Each structure stands twice: as C-alpha cells, then as structure tokens.
Amino acid sequence: MPGMTLSERILARASGNTSVRTGQIVDGHVDLLYMHEMLALAIKPFEEIGVGRIWDPSRCVVTIDHWVPPPNEQIARMHQAIREFCWAHGIERFHDLGDHGIIHQLVVERGYVHPGMLVIGSDSHTNMAGAMGAFAAGIGVTETAAVMATGKLWLKVPETLDVRIEGRLAARTGAKDVILKVIQTTGDDGAAYKAVEFHGDTVRGFPMNERFVLSNMTTEMGAKAGMIPADATTGRYLASLGLESMALDADPDAHYLKTFDVDVGGMGPQVACPNNPANVKPIEDVAGTKIDVAFVGSCTNARIEDLRATAEILKGEKVSPRVRMIITPASQAIYRMAMKERLVDVFMDAGATFTSSTCGPCFGGHMGVLAPKEVCISSTNRNYPGRMGSPESQVYLGSPYTVAASALHGEITDPRGA
Amino acid sequence: MTMQTRFAGRAWTFGDDISTDHIIAGRYLGSMDLKSLAEHAMENVDPAFAKKVRPGDVLVAGMNFGCGSSREQAPVALKGLGLACVVAETFARIFYRNSINIGFPVIECPGLRARVKEGDLISVDLDVGDVVLPSGDRVAFEPLPPNLMEILKAGGLVPKLRAELAAKAS
Chain Y
506 MPGMTLSERI LARASGNTSV RTGQIVDGHV DLLYMHEMLA LAIKPFEEIG
556 VGRIWDPSRC VVTIDHWVPP PNEQIARMHQ AIREFCWAHG IERFHDLGDH
606 GIIHQLVVER GYVHPGMLVI GSDSHTNMAG AMGAFAAGIG VTETAAVMAT
656 GKLWLKVPET LDVRIEGRLA ARTGAKDVIL KVIQTTGDDG AAYKAVEFHG
706 DTVRGFPMNE RFVLSNMTTE MGAKAGMIPA DATTGRYLAS LGLESMALDA
756 DPDAHYLKTF DVDVGGMGPQ VACPNNPANV KPIEDVAGTK IDVAFVGSCT
806 NARIEDLRAT AEILKGEKVS PRVRMIITPA SQAIYRMAMK ERLVDVFMDA
856 GATFTSSTCG PCFGGHMGVL APKEVCISST NRNYPGRMGS PESQVYLGSP
906 YTVAASALHG EITDPRGA
Chain S
109 MTMQTRFAGR AWTFGDDIST DHIIAGRYLG SMDLKSLAEH AMENVDPAFA
159 KKVRPGDVLV AGMNFGCGSS REQAPVALKG LGLACVVAET FARIFYRNSI
209 NIGFPVIECP GLRARVKEGD LISVDLDVGD VVLPSGDRVA FEPLPPNLME
259 ILKAGGLVPK LRAELAAKAS
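Residue numbers (the working numbering), protein chains in the order written: chain Y, 506 to 923; chain S, 109 to 278.
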C-alpha cells in the first residue's frame, strides 16, 4: 500500500477506510464542528431537515465573534437565537459574551482540537486548526445545518502540496512574513481544492502561535486544509492545557502533487498590497506609503505573542497624530493576559485604542470600519476591495511588528529600524 | 423535483479572483434574505449591477471565482438576482460547495471566458456538459459528478436530506 499524506491518513480514519486515494469522494465523520454567528442562519435549514436533534452536541463548539458586543438589533437577535438554540439542544461548549473569542483561537486555546481530528467550522479560516495536525476545513450555512443533523459531510480527498520552508529569518520577521511570501509564490488560488502540508526546519522551529499563522492563511492560497505535523511542540502546547497529545505525520513515502521549496534565509518583512493577498512585496518596496489606520487583530495575528510584539515597538512612543490605531485581542483570555502583562498600558500610553475581542474590523463589520480613501495597514488576512469597509479604502497586510512601526511613523515602516 | 438543466441567457462577464467581498460586502452578512442580498450583489464592483441583471442571465467569470470567506450570502445574492448559473474557469471551494448546497448551478468550463463578450446570448446544458456561443460554437465542460448533480436536482442539500429522512421513516 502506498504511503499517505497527513490529510489522506485523517480522511481514511474519519471515513472508516484503511486507505483512501486522491479524487475519491468519502463521507467524513466529523470529530469537531464549530460555529460562530453563522449558526443563527443555520437554525432554519437545520429545522427544515427535520431530524429534530443535533447528531452529537458534545462534538459542537459555539461562540460569538463577528459582532461582539452586538452593534445593532439585528445582530442582537442573532446572538439571542444562538443562545436559545444552544440551551435547547444541549451544546455545553457554548462560549457566550464575556467568555468569547474569535472561534479559531478559542478552539485551540481551550484544547478542543487534537492531532488526527476531522474538524469542520462555519468559517473559511477553519484551516488554522490544521496547525494542530488536524484536517480542518470551512463550510457555509447550509452545510453547517447538514452536519448538525447528520454528523458527516462528503469530502473529495484532495491532492496535497508539500511546502518546505528552510532558513533563518531576519530580526522582527516571522510566520506572517513567511506565509505572505508563500502566497506570493503559489498565487491566491495556487492551492485551490488542495491540502497544504508544511515541512522544513523553519516550520519545526516555530512555536504554536507562529504555526497557527501559517495554517490560517492557507485559506488565502485557496487551500481546503493547511496542516502541520504534530510533534513535540504540539505536545507541549496541549500539555500546558493539561491534555495529552500524540505525534502525527505523513507516511515517509507519501505522494505529493508538488513540492515548493521556500528559502526564507535572511528574509525581512513582507507586505501584501491592495487588492489581493498574493500581491506581496518586500517592505523596502512599499515603505513610505502613507496610512490612516493601523489595526492589530483577527484570527491571524492577535495572540498574546502578537500583542507583545506590538508593545515592544510602541513602548515609550506615540502613534502618529494622523493615525488611528486599533488593537483587538483574539480572545478574552488574551485580553486578560495583555492586562496582566501591562501591555494595555503601553498601548494606551502610545495613544492606541484596545477593544473587546471580535472579528469586527477585519471584515468591515464594526469597531473600526474604513471610510472612502482611507489606507489601513493591518495584521489581518485579506485585502480584497471593500474588505474592511468602503470599496474605496485600501488595505495593506503585514505582521504586528510592521503594523506597529507604521503606526508610529504614519507611513509603512520597516520594523527592523523602529 | 425536476430542475431545469438547460439555460439560455445574456452573459455578464467578470475577470479573475472575484472574491466574496466583491460579491456581497461584509456589512450585509446579518441576513440570508434572498431579495435584500440580491439588491447589493456585486456592489463593490459595479453599484448598478443588481438593476441591470434580468432573470435567466448567466454570469461568466475567470479563475478562482468566489475566493475569500465562507459567507453563503454570496451565492444566495447571485441566485436572488435570478441568475441562472455561474460559469467560471475555476471556483474557490467553499463558494462552490455553498452554491450546490443552495441548488444554484456552478460550472467549471475552462477556456470559455476568453470567448464570451458581455451581453452575448449563450446557452448552457448541465447534462450534456456544453456551452453554445452566439456563433454556434460549442465549448465542452465536464458535467458535475453524480453526487453533486443529485443535490442540485433535489433543489439543494436541505430538500435532499429532508427527502432521505422521509423515505427512511416510511
């Protein structure tokens, strides 16, 4: 029997097969289904299917993240519907306002994702959970309803791209810069319908917070899943939550559609320019571009390590008077850590604003929507036209270091000199 | 339920990498209402688009149509406009699944985009797997796999599962 990639191994197990081949359509039995506000929209189709009860409420996780706290009555009604649905259907892992976080962060920091799981989420950045050695893919509203009813979904076993990252990065350069470089290499559809596996010394050396960034933005390569083998780093992360782990990798003779060797030795910060996440340039080429808003937030880059990086740059400095800086942690747990570490003091002393955890500004929802002509440097994941507000606004994507350095100078700035 | 599998309509053409942010902006995501979403379809690209489309028209696009978020409001908005289907060189995967799941046909037809001009009257046959151009030329595509055709012909995933459940109960 030929060797299997990580996704083939997991999809074989989750579909009750000893092996699977690429292109085969299997019924995957879902180990973890997680949902945010899209659950409110899935209630009606779920009820129309007519099963009456959720296949297994203990395998579901729900939080609210896109609009927190609710900015208007329509969203408040959505949250109300979610709350009542979770209570009625016995979903115990419902993290309501106060206990909330951006769902991709929440499911990993609570230890809900384990190596080898088939994870399905009602959001495109579900790929992030693949950093735990899981197969994690996003779906829409109707299919969320179907998985709640049946516990399974059809999946075409994807071909796998092997992305091998080697080399030692320059100072203040990290996983965000690496993944932007990878997206530039593959294009924003370079992994369409495919799974991505990350290998190489650089990836092995990354702690979990950096690995999450890599898997998270495989979505911007069009990938179905973005996976990192579970190793000692994964084990330590789960151990810190009091949980056991297991190592999980592809078979040594696994077949990959294509291998990308990405040498990041000495590479500095990268920036994705409007209006496509694959429109990536080295920071030297865009330095000096004037900005109006600087945003550190989202599932991609708003973990405690990202907030520490932001504070490292802002400490004792002032945000340019022409710039509004918004910092939004990825979860309530991170919010509290930032307070305890006095990072919030640093942010406020610098003139930035620090908000409750929400996806809000990243998708132009609330809490930092852009006006026409405004230019934003953002630690988020997408910059398609109108992504963060007005279709006439512009978004540059970079690391928290780059966002913070740019906030101080009012223009895109290389954080290595800040 | 029998679903129409042949369509003829005017083509609306778009380029590559039309994202879900292009198709329906983030500010409209609180609802799944067909009509109100349709009014804002493609607003970030062409604010007048919703007014110009007539029921039965066909959207023809390039590579990676529907990339970006998982928002099902994107295909819902296009379906709400009365578009018969979207024919693209390639689709982003979640948009593709969402479309099939709501019973909205999406077809990958490599090589078509360059041969279609805005306003061309084209016809699409889902069963045969071809698009007929105004010149009479045919561009073939691989018909949808049987499991997806089944969902589409049932009118979407919800009616399909409901029917299966009813069949099991009887």
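Here a beta-carbon is modelled for each residue, glycine too, at the ideal position from N, C-alpha and C. Keep in mind the model is a prediction, meaning the values are calculated, not measured.
Per-residue contacts from residue i into chain S (C-beta, under 8 Å)
i: P779/Y; result: Chain S residues near P779/Y: none, gap ~12 Å exceeds 8 Å.
i: L640/Y; result: Going by the sequence as given, residue 640/Y is Phe instead of Leu. Chain S residues near F640/Y: none, gap ~14 Å exceeds 8 Å.
i: V624/Y; result: By Cβ distance, chain S contributes nothing, its closest Cβ being about 14 Å from V624/Y, past 8 Å.
i: D729/Y; result: A small correction: the amino acid at residue 729/Y is Lys; Asp does not occupy that position in the sequence shown. Ordered by position in chain S, the residues that pass the 8 Å Cβ test against K729/Y are R201.
Whole-angstrom C-beta distance between residue j and residue i, which should lie under 8 Å
i: V718/Y; j: A744/Y; result: Incorrect: roughly 22 Å between the Cβ atoms, too far for contact.
i: G170/S; j: F122/S; result: 7 Å
i: I259/S; j: N209/S; result: 7 Å
i: D811/Y; j: P905/Y; result: 4 Å
For residue i, the nearest candidate out of the options (CA to CA)
i: E671/Y; options: A799/Y, E810/Y and V769/Y; result: V769/Y
i: V776/Y; options: P550/Y, Q579/Y, A654/Y and I684/Y; result: I684/Y
i: G134/S; options: R518/Y, Y742/Y and G870/Y; result: G870/Y
i: I831/Y; options: F800/Y, K845/Y, I818/Y and I809/Y; result: F800/Y
i: G656/Y; options: V662/Y, P757/Y, V624/Y and G635/Y; result: V624/Y
i: I644/Y; options: L511/Y, L538/Y, V525/Y and R892/Y; result: L538/Y
i: D570/Y; options: G821/Y, M543/Y and V824/Y; result: M543/Y
i: S139/S; options: V646/Y, I796/Y and T665/Y; result: V646/Y
i: E817/Y; options: N781/Y, L913/Y and M772/Y; result: L913/Y
i: E936/Y; options: E702/Y, R841/Y, L674/Y and R669/Y; result: Past the edges of chain Y, shown from 506 to 923, lies residue 936/Y, and the structure says nothing about it.
i: A196/S; options: Q112/S, P213/S and A146/S; result: P213/S
i: G237/S; options: C217/S, G174/S and W120/S; result: C217/S
i: G865/Y; options: L137/S, A158/S and Q112/S; result: L137/S
i: V900/Y; options: P734/Y, D667/Y, G508/Y and N781/Y; result: N781/Y
i: T691/Y; options: F852/Y, T723/Y, C778/Y and E552/Y; result: T723/Y
i: T707/Y; options: M726/Y, A676/Y and R669/Y; result: R669/Y
i: G894/Y; options: M653/Y, S911/Y, C867/Y and L902/Y; result: C867/Y
i: V652/Y; options: K786/Y, T678/Y, V566/Y and P734/Y; result: V566/Y
i: V785/Y; options: P826/Y, S803/Y and G903/Y; result: G903/Y
i: L666/Y; options: R588/Y, V613/Y and A696/Y; result: A696/Y
i: L748/Y; options: P826/Y, F551/Y and M637/Y; result: M637/Y
i: T860/Y; options: E597/Y, R588/Y, G635/Y and A807/Y; result: A807/Y
One or two residues paired with residue i in a DSSP bridge
i: G899/Y; result: The question names Gly, yet the displayed sequence has Gln at residue 899/Y. V880/Y.
i: P163/S; result: None, per the DSSP bridge assignment.
i: M830/Y; result: A799/Y
i: C217/S; result: None; C217/S has no bridge partner.
i: T121/S; result: V168/S
i: H584/Y; result: In the DSSP output, where bridge partners are listed per residue, H584/Y has none listed.
i: Q599/Y; result: According to the sequence as given, residue 599/Y is Phe; it is not Gln. V567/Y, per the DSSP bridge assignment.
i: R246/S; result: V240/S
Reduced DSSP category for residue i - H, G, I as helix; E, B as strand; rest coil
i: K763/Y; result: strand
i: I210/S; result: coil
i: S911/Y; result: helix
i: D238/S; result: strand
i: A697/Y; result: coil
i: M109/S; result: Since pLDDT at M109/S reaches only 49, below the 50 mark, its modelled position is unreliable, and the value read off the structure follows with that caveat. In this structure, M109/S counts as coil in the three-state DSSP scheme.
i: E664/Y; result: coil
i: M633/Y; result: helix
i: T724/Y; result: helix
i: K268/S; result: helix
i: K823/Y; result: coil
i: I548/Y; result: helix
i: H609/Y; result: helix
i: G894/Y; result: strand
i: Q775/Y; result: strand
i: R716/Y; result: helix
i: M653/Y; result: helix
i: L537/Y; result: strand
i: T284/S; result: Residue 284/S lies beyond the stretch modelled for chain S, which goes from 109 to 278, so this question has no answer here.
i: L743/Y; result: helix
i: S231/S; result: strand
i: H148/S; result: coil
i: A642/Y; result: strand
Listed by chain order, chain S residues near residue i by CB distance under 7 Å
i: P877/Y; result: Here the premise fails: no neighbours, minimum Cβ distance about 12 Å.
i: A697/Y; result: N172, T198, A200 and R201
i: L546/Y; result: M140
i: A654/Y; result: L269
Partners in chain Y for residue i, counting only beta-carbon separations shorter than 7 Å
i: D125/S; result: D693 and N781
i: H130/S; result: Y889 and P890
Neighbouring residues, chain Y, relative to residue i (Cβ below 8 Å)
i: R221/S; result: Those do not exist, as R221/S stays about 14 Å from chain Y at its closest Cβ, beyond 8 Å.
i: V266/S; result: P550, E553, I554, T647, A650 and A651
i: I210/S; result: T647
Per-residue contacts from residue i into chain S (C-beta, under 9 Å)
i: Y901/Y; result: Near Y901/Y there are no residues of chain S at all, since even the closest Cβ is about 16 Å away, more than 9 Å.
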